[in-house]
Structures are given as C-alpha cells and as structure tokens.
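A.B. asks:
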Amino acid sequence: MEGDVVVAEWTPQEHHHAFEGVLSGGIVGTLLDCHCNWTAAYHLMRAQGGDAPPCTVTAEYAITLKRPTPMAGPLRLEAKPVEIQGDRAVIEGTLTAGGKVTATCRGTFVAVKPGHPAYHRW
C-alpha cells in the first residue's frame, strides 16, 4: 500500500509471452482485472468497516494497451479507488514495465451476497 494505492510486483515467465520478449495482452488483462478486483475488495472492506474483504466480482472493465509490455520483470501493478458507493467500487489501475506505463484499466467491481456462485470463493 502507498496511501490508497494497492501495489504489487509480478515477474512473467516464458509461457506468458505473446511473442519473443513481449507479454501476452490476455495476461495483461488478467493481471489488471485481478489486481483491481482485490483493490476493490480491500477498499470496500474499509468503507464498510469489515474485518475481512467481501467477495467481489467484475461487473465491467476496460483495458487500454498503450505499448508492448516487455517480459523482463518485475512488472509493477498499481490500483486505486475512484468511487466507492454501497457495494460497488470503481477502480483505476496501471501496469508499468521499466518505468513506463504499458497498460491501464478502469472497472466496476461489486461485492456479492450469499447465493451468488462467487460468494466465499476464497
């Protein structure tokens, strides 16, 4: 954590490449979706005064691939809340490699209730 920003580092392996030296765009999308989802769960927990993060799902998200993401790691993921309202959080995230932002994400993530298939999946 850096203030409200949730930070993680991740190092890709050879099987994550799209082609020589470049990370797959699908992996980029998965990384940002997952990191932003956990950021939403953490900030929803804080907003609701909980002692454990709620189970959250992605309602929508958009990825912008700004430039190829090199395989040389580690890569840096950052995400922060833009809006928290009830059981929903709008989160913005970035993926940085070698000091340059290679992709961005903006998504809406929702805490689910009992009966939802994702409820208490972790």
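The sequence shown begins at 1 in UniProt numbering and counts up one residue at a time.
Glycine included, C-beta positions come from ideal geometry on N, C-alpha and C.
1. Measuring alpha carbon to alpha carbon, tell me which residue in Tyr61, Ser24, Pro68, Ala111 is nearest His43.
2. Can you tell me which residues form a DSSP beta bridge with Thr94?
3. Go ahead and label Thr30 buried or exposed: buried means 16 or more other beta carbons lie within 10 angstroms of its beta carbon, across all protein chains shown.
4. Taking the straight line between their C-alpha atoms, what separation do you get for Lys100 and Val28?
5. Can you give the Cα-Cα distance for Pro68 and His35, rounded to whole angstroms?
6. Alpha carbon to alpha carbon, how far is Glu9 from Pro74?
7. For Val57, which beta-bridge partners are listed by DSSP?
8. Please list the terminal residues of the continuous beta strand (DSSP E) segment that includes Ala72.
9. Cβ of Gly93 within 8 Å of Cβ of Glu83?
10. Is the beta carbon of Val6 less than 8 Å from the beta carbon of Thr58?
C.D. replies: Taking the structure as given:
1. Ala111
2. Glu78, Thr104
3. exposed
4. 14 Å
5. 19 Å
6. 6 Å
7. Val110
8. Neither: Ala72 is in no beta strand (DSSP E) and is coded neither H nor E.
9. no
10. no
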